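If you're matching positions, the sequence shown starts at 724 in the numbering used here and goes up one per residue.
Every residue, glycine too, gets a C-beta built ideally from N, C-alpha and C.
Keep in mind the model is a prediction, meaning the values are calculated, not measured.
Structure first, commentary second.
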Amino acid sequence: MSLASSLLTPHGPRRLLPLLLPLRLFSSAAAPALAMPPRRDRIKQPPRESKPKASADASSSSTSSAAEIAEPFEKMSIASQSPAQAGAAQLWVPRGYATTATDAGVASSSSTAAPAAEQGVASEKLARIFKGAADFAVDNSTFTEAQIRATFYPKFENEKSDQETRTRMIEMVSHGLANLEVTLKHSGSLFMYAGHLGGAYAKNSFGNVYTAVGVFVLGRLFREAWGKEAPKMQAEFNDFLEKNRICISMELVTAVLGDHGQRPKDDYAVITAVTELGHGKPKFYSTAEVIAFCRKWRLPTNHVWLFSTRKSATSFFAAYDALCEEGTATPVCKALDEIADIAVPGSKDHVKVQGEILEGLVARVVSRESSAQMEEVLRNCPQSPLDGVDSDLGPSLREICAANRSDEKQQIKALLENVGASMCPDRSDWLGNSGLDAQSRNADRSVVTKFLQAHPTDYATKKLQEMIRLMKQRNFPAAFKCYWNYHKIDSLSNDNLYYKMVIHVHSDSVFRRYQQEMRRNQGLWPLYRGFFVDVNLFKANNKKASDLSEDGDVLLRNIYGALDSNSSAVDGLADEDSNLMMKLKFLTYKLRTFLIRNGLSTLFKDGPSAYKTYYLRQLKNWGTSAGKQKELSKMLDEWAVYIRRKYGNKPLSSSTYLSEAEPFLEQYAKRSPANQALIGAAGNLVQTENFLAILDAGRDEEGDLQSERGVAPSSPTSTPADVVPKTEGLIVFFPGIPGCAKSALCKEILNAPGGLGDNRPLHSLMGDLIKGRYWQKVADERKKKPARITLADKNAPNEEVWRQIEDMCHTTKAAAVPVIPDSEGTDSNPFSLEALAVFMFRVLQRVNHPGNLDKASPNAGYVLLMFYHLHDGKSRREFENELYERFGSLIKMPLLKPDRAPLPGDVKAILDEGISLFRLHQNRHGRVEPSKGSYAKEWAQWEKRLRVILFGNADYLKSIQVPFDVAVKEVLEQLKAVAKGDLKSPDTAKRKFGNIIFAAVRLTPSYILGVLRKVAEKDADANSFLNDIKLEDNLNKAHVTLAHKRGHGVAAVASYGIYQNQEVPVSFNALFYTDKMVALEAQLGTVNGEQINSRNEWPHSTLWTAPGIAAKEANILPQLASEGKAKRVPIDPPITVSGVLDFY
C-alpha cells in the first residue's frame, strides 16, 4: 500500500484512490526492499564507551549508525587526500577543503534528569569525542552517509520576464498541458518540522526561539483540533513523520517574531508543503495530497484556486491587475472564488486570523490531472470538526512570551514545557544534552571537507556530495555549517560521528546560477530553500559489508537514475515549465513593508530627501500607476515628517515599526475614502511590546525583511525619456573595468564638434588626477554649475558609487547615464573572459599611466581581477537591468566583433588560473596586496606568464576589437539622443502593471466622426447641434464600456481578459443627444465566435458632455428619450466599425 493512500483516514480501513494519490516508489511498505536497511545479522557492532538509549534506537530510522554499517567496504579504494595535497592542486582548487580545525567549546552544566555523577561522566566523554573529532582523519576506511532531514521547495526565479511567464502559463492551460494553481501568500516565517527526532527548523537555523515558537504553535493546533485526544495524536504524528521520513513545511504567522505587513489577530500556521525524504531526492506532495494529509491530521490548509481554462486563467491575471494596488483579503478572495474553476477555502480564514492586509498570491503551473485529484480529495476527505476549539488550550503564545522576558533561553524553555512531552519529548536541540548546552553544538569547520573526501555509502550521499562540491568549486556564496547531532549523542564514538549540516545560501542569485548548472548537468539534485542534512562519518573494515553496500549503491543508482532521467518531464510538463511560478504582491502590503519598514534606515540615516528618492525608485520599479504614486508620495512624506519629529535621530526598530505606523495609517485613512483605499485597512493594532520574542540582534528568518544597513536609496525620479531641460545637468559615468577606454572616450566627447548637440558646457574630471575623495569632488563641482554635462572619468563599479551618483542627481537636478562596454558576460559576471582579456591587454600596453596602472605595474593583472570580481555573482542581464532601473537608460560601447574567433586555449587557461588564485587569496587574506600574502610567489609567476601569453596572442586580441572610431561614433549618437530626450528607456523585461479600473472596447475617433457625418447628412437638427458643440474638433478618444470595477465587480472586469487586445465589431444603431450630452447606441459583435456583451444595461459610447456633467450620466439617455427630454436619431442600416478590447 502506498504511503499517500494512508493519508485519507487516521484510523480504520484505508482506501486507495489511484487517481488522487499515485503510487509512490518509496512507500513505507516498499522501503525495506529498496533502501538497504540495516543488516544486523551480518554486521559486527563496534565497541562503545556507553550504552545507547533504547528509545532513541527504537524510534529512529533516519540514519544508519556505525552499528548498522560497521567495518565495511575494504574492496573500495580512494586516494588518501591530505589537506596539503588538496592545497597544492595545480588548478588552484580553493583551500576551503583544508581549513584548520578548531575545538568546539564544551559546557559543564545542563538541566537533565540524570544524576550529577553520571552526567559528569557523560559530559567528559563527549568533551573527549568533540575535541578528538578534529583529529578524525579521512582514509580508505572512512565512509559517510547523508540524508536530508528537512527542506522546502527550491527558490524559483523565472528566466523570463513576468509578462512572458504569464503568457507561457496561459498558453499551457489553453493547450490542455497544465492547470494554473493559485494560493494565498500568508505573511510569516518558514517553519519546517520532521518530528521530535527529525527536528524543527527555520529557514536557515534550528534550536532557537523561531523553532520553539513553531513547535508551540503546531502543538496548540493539535490541541485545538483533537481536544482531549491531542497528546495521543501528537505522539502518533511524531512517530508517523519519523517512520515515513516526512517533513512538513508551513507559514508560521505570529505577533511575537517581528512585524511584517500587519500584526495577526491570532497566532497560527498554514501547511504549505509535505515532503517525503525517504533515502533519496525529496518528493513533494501535490496540493491535493497536502490537503488529504492535513485533513487526516486536522492541520490547517491554505486557500487554493485552480484555473483549468484559458478564460479563467486570463481572468485571474486581469483580476490581479485590477486589485494589485488596493487589494485586501476580502475582495481578492471573493473575486478569485468567482473566477476559479475550483476553489478550496483555507481552514484558517485570513481575515479572522491575520487581517485584511494580504501579502500576495503565488501562482504556478501544475499537472492537468490536478483538478480531478482535487475533486477526488474533496469528495473522499471531508474536513473534520475541531474537537478542542471551545476547550481550555492553556496559556497562549503571547502569554508565555510575556511572562518570560528575561532572555531567549527562558522563553524557549517555557514554550517547550507548555507544549508538553507528547509533542516535544526531546528538547536537546534547544537546551542541550548530557551536560552540554545548545551553544556547544558547533562542530569543527573541517567536517565539510571530510564529508566530501569520505566514501559515500549510498547514491543519495553521493548526490549530496556532488551538489556541495560543485557549489564550493564555483565559489557560490553559501555556507555549509555543521553542528553536532544531539539526537545521536548516545551513538557517538571516536570513529562514529553524527552531525547536522545547514546549507545556507547567502544570495538569491545562487539559486539562478545553480539552475543553470542543472541545465548543463541534468543529474544534479535541486538546491532547496531551508536545507538541512544529517551526516554520519565513520570508520569501517568489513569486506562483506562492502559487497552489500556496492549492491545497494547500484540498486539506488538504477532507481534514482531512472527518476532523475524522467524529472524533466513531470506529468507531461517540461522541466522549464514545471518550475513556472510567480509571486504577485499587493501594494497595500508593500507600502508597509518595503516603503515604510525597509525605508527606516534611509530615513533616519540620510534624511527625508534620501528617503523620498528611495520610495520613488521602488514605486517606479513596481510600475505603480501615476495616480497611486502621487497619493503615496503625499502620505509617505507626511509619515517621514511625523516619525522624525517624534523620534529625532533615534531609529525606529523595524521589528516593532507597526506600533507607530499603524496608528498613523489609521488616522490618515479616516480623512477620506481615497485614503482608505490607499491604506487598505488599518486599526485594531495588536500591542506586542510586552510579549515580543527575545531575538538575537541582526537575526533574520524572513525573505522580505532586509537588514537595515542594507537598504539602498533609489534613482532620481526623472527619466531620460523626458526631455532634459537645459537648466538641468547630465552625469555620464562608467560602471566598467580598467581598460574599457573610458578616458580615451571622454577626450573624444570633449573634442566632438558641437558637443552633445546643445549649448550646455562639457566638463570632465579624470579620476587618476584627482586627489582625495573623487566622487565628493564631482559633487562639489556639480553644485557650482549644476546645468553642465559632467564626464565622470573614473570606474564606477558598484552600488555604493551608484548611490552617490543618484544622490548627486537629486541634489543638483541632473539625470545620469551609464556607459558600459558591450559584452555577452557569463552566468556569474557581466563581462566575458574575452572582454577581460582585452582589458588586460590594453592596460599592459599603457606607458606612464597617471594612475600607475600600466605595463610597469607588477600587479596589473591582480588589479583587473579585483575589479572583475566586484561584479561576481551577477549575470549580464541582472547588471544591465539594475542600471536601467536606477537610471532609466543605458549606453553600450561596442567592444568585440560579433564574427570573432574563439578565445585561444592558453588565454582562457591563464585567466581561469588567475580567477582561481584570486579567490584563494581573497578567501585567506581579503584585500591584502598579493605581494604580502601567502601566495606572493604564485602571484609573481602568474603575472609574468600573463604578459607572455597575452602578448603572444596580440594579433588575436587586436583583431577581435571593434575599431575605436566606430565605437566612439555610436556612443556619441546615443549620448546626443539622451541629451535631447529622444532615447526611450529600454525594456527591462519587467511587466509594468497598472491598476485596472474598467474593461472597454477602444474606438478610433476618425471612425466615430465618419459615423456622425452620415447621421448629420440625414438629420438637419443633429447636424446643427453637432456643429454648435464642435464635436469634430474636440473628439480625441471614445470607447464602449464593458464592465467597471466599482459598479460590476472585479470578476466581471477580469472576465474580459481572454479577449484582451482582440478586435471587436461594434454596430451603432442610434444617436442620442441633449444639450448636456451626446452618445451613440452600440451593439457588440463576436470574437472567435463568442458574443461580447457589455455589463451595462445600455451599451453605448459617450462622445461629449457639457462642463460639470459626468460621463456616466449618459446612461439615462434612453429614459430621457422616452420622456421626450432627449432626441433619438435612428441609424438605419446600422454602421459597423472595429474596436480593440482592452483594460483601463
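Under the three-state reduction of DSSP, which class applies to residue i: helix, strand or coil?
{"i": "Thr1764", "result": "strand"}
{"i": "Pro1396", "result": "helix"}
{"i": "Asp1427", "result": "Legend: pLDDT at Asp1427 = 33, less than 50; position of this residue unreliable, no value from coordinates given."}
{"i": "Lys1799", "result": "coil"}
{"i": "Cys1104", "result": "coil"}
{"i": "Gly1637", "result": "helix"}
{"i": "Ile1402", "result": "helix"}
{"i": "Phe914", "result": "strand"}
{"i": "Gly1452", "result": "strand"}
{"i": "Lys1351", "result": "helix"}
{"i": "Arg1242", "result": "helix"}
{"i": "Ala1063", "result": "coil"}
{"i": "His1874", "result": "For the chain, the structure presents residues 724 to 1867; residue 1874 sits outside this window and is missing."}
{"i": "Ala1901", "result": "What is shown of the chain runs 724 to 1867, which leaves residue 1901 out entirely."}
{"i": "Ser1216", "result": "strand"}
{"i": "Met1146", "result": "coil"}
{"i": "Leu1022", "result": "coil"}
{"i": "Trp1207", "result": "strand"}
{"i": "Trp1028", "result": "strand"}
How far does the beta strand (DSSP E) with residue i in it extend, from its first residue to its last?
{"i": "Ser1778", "result": "Careful: Ser1778 lies outside any beta strand (DSSP E) and carries neither H nor E."}
{"i": "Met1304", "result": "Met1304 to Lys1308"}
{"i": "Pro1856", "result": "Lys1850 to Phe1866"}
{"i": "Ala1467", "result": "Counting along the chain, Ala1467 falls outside any beta strand (DSSP E), though it belongs to the alpha helix (DSSP H) covering Lys1465 to Asn1474."}
{"i": "Asp1516", "result": "Ile1512 to Asn1518"}
{"i": "Glu1820", "result": "No beta strand (DSSP E) holds Glu1820; DSSP gives it neither H nor E."}
{"i": "Thr995", "result": "Tyr991 to Glu999"}
Just mark residue i as buried or exposed, buried being the case when its beta carbon has 16 or more other beta carbons within 10 Å.
{"i": "Thr1053", "result": "exposed"}
{"i": "His1210", "result": "buried"}
{"i": "Val1773", "result": "buried"}
{"i": "Pro1105", "result": "exposed"}
{"i": "Asp1257", "result": "buried"}
{"i": "Asn1646", "result": "exposed"}
{"i": "Asp1635", "result": "exposed"}
{"i": "Gly1812", "result": "exposed"}
{"i": "Asn1604", "result": "buried"}
{"i": "Val1689", "result": "exposed"}
{"i": "Val1734", "result": "buried"}
{"i": "Asp1130", "result": "exposed"}
{"i": "Ser1845", "result": "exposed"}
{"i": "Asn1575", "result": "exposed"}
Need the endpoints of the alpha helix (DSSP H) that residue i sits in, please.
{"i": "Thr956", "result": "Position check: residue 956 holds Met in this sequence, whereas Thr was assumed. It spans Ala953 to Asn967 - the alpha helix (DSSP H) in which Met956 sits, taken as one unbroken run."}
{"i": "Asp1257", "result": "First-last for Asp1257: Arg1252 to Lys1262, but that is the beta strand (DSSP E), not the alpha helix (DSSP H)."}
{"i": "Met676", "result": "Within the shown structure, residues of the chain are numbered from 724 to 1867, placing residue 676 beyond reach of any answer."}
{"i": "Val1171", "result": "Val1170 to Gln1176"}
{"i": "Trp1153", "result": "Ser1151 to Leu1154"}
{"i": "Ala1183", "result": "Tyr1182 to Gln1196"}
With DSSP as the reference, please indicate the residues paired to residue i in a beta bridge.
{"i": "Arg1725", "result": "His1762 and Val1863"}
{"i": "Tyr924", "result": "Met915 and Phe929"}
{"i": "Gly1083", "result": "Lys908 and Lys1308"}
{"i": "Gln1806", "result": "Ser1790"}
{"i": "Trp1827", "result": "Val1801"}
Looking at C-beta atoms only, is the number of pairs between the segment 1813-1821 and the segment 1832-1844 that lie closer than 8 angstroms three or more?
yes
Touching by the beta-carbon criterion (3+ pairs, under 8 angstroms), the segment 937-945 and the segment 887-905
no
Would you call the segment 1521-1536 and the segment 1565-1581 in contact, with 3 or more CB pairs under 8 angstroms?
no
Is it true that the segment 1037-1050 meets the segment 994-1002, where meeting means three or more beta-carbon pairs spaced less than 8 angstroms apart?
no
How do the segment 1358-1375 and the segment 1316-1327 stand: do at least 3 beta-carbon pairs fall below 8 angstroms, yes or no?
yes
If you pair each beta-carbon of the segment 1823-1837 with each one of the segment 1774-1782, do three or more pairs fall below 8 angstroms?
Flag = no, the segment 1823-1837 and the segment 1774-1782 do not touch.
Is the segment 1733-1748 touching the segment 1786-1803 in the sense that three or more CB pairs, one from each, lie closer than 8 angstroms?
yes
If you pair each beta-carbon of the segment 1604-1624 with each one of the segment 1680-1697, do three or more pairs fall below 8 angstroms?
Result yes; three or more Cβ-Cβ pairs closer than 8 angstroms.
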